[in-house]
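Single-structure report; data block below.
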Amino acid sequence: MNSENRIASFYSNIGNILYSVAACDKVVQKEEILNVRKLLQKDWLIAEKSLKDLEEDSAQKIQNYFYSLLEQSPDPQECFNEFKAFYESNKDMFSKTINDWIINTTSAIAFSFSKNNKSELVMLSKIQILLTQK
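Residue numbers (numbering that gives the first Met the number 0): 0 to 133.
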């Protein structure tokens, strides 16, 4: 995979993991969507500095992919599985800063409508285990 495709896949897989949490309880709430946008605009710019070759509009690209997933309504577990496969094949793209951002952001998305429900807690656990294992 060339560098350009790899970065595009990185963006889409960040969208996958955000969607997998927002949709894992079968309903994506307006508050979750607003939180995704806010967290991408606010915190992503800090996290992405740990990666080389990222484009200036990376937050917008991730957000657009997230919105396309909302329209398509794929299975959240499949989105998680796609993210996991990409992550395991491209660990060099995932610094501690990026991993921490993903963990914190997915937790904030799950918490944005109401307290975490069981399906969100399960998904958050899978994400944390994946991103913190050595």
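Each residue gets a CB set at the ideal place from its N, CA and C atoms; glycine is no exception. Please read these numbers as outputs of a predicted model, since none were measured by experiment.
Three-way DSSP call (helix, strand, coil) for Met92 in this model | Correct three-state label for Met92: helix.
Drop a sphere of 10 angstroms on the beta-carbon of Glu31, count the other beta-carbons inside from all chains shown, and report buried for 16 or more, exposed for fewer.
-> By the neighbour-count rule (16 or more Cβ atoms within 10 Å), Glu31 is buried.
Applying the criterion that 16 or more other CB atoms from any shown protein chain within 10 Å of the CB defines a buried residue, is Asn98 buried or exposed?
-> By the Cβ neighbour-count rule, Asn98 is buried, with 16 or more other Cβ atoms within 10 Å of its own.
For Glu87 and Leu129, the rounded distance between their alpha carbons | Between the C-alpha atoms of Leu129 and Glu87 there is a straight-line separation of about 9 Å.
Got a sec? Which residues, its chain only, sit under 6 Å from Glu60 by beta carbon, not counting five neighbours each side?
-> The sequence shown places Lys at residue 60, rather than the Glu named in the question. Beyond the five residues adjoining it in sequence on each side, Lys60 comes within less than 6 Å, by CB distance, of Tyr10 in the same chain, given in chain order.
Give the straight-line distance between the Cα atoms of Leu123 and Asn1, rounded to the nearest whole angstrom.
-> In a straight line, the C-alpha of Leu123 is about 31 Å away from that of Asn1.
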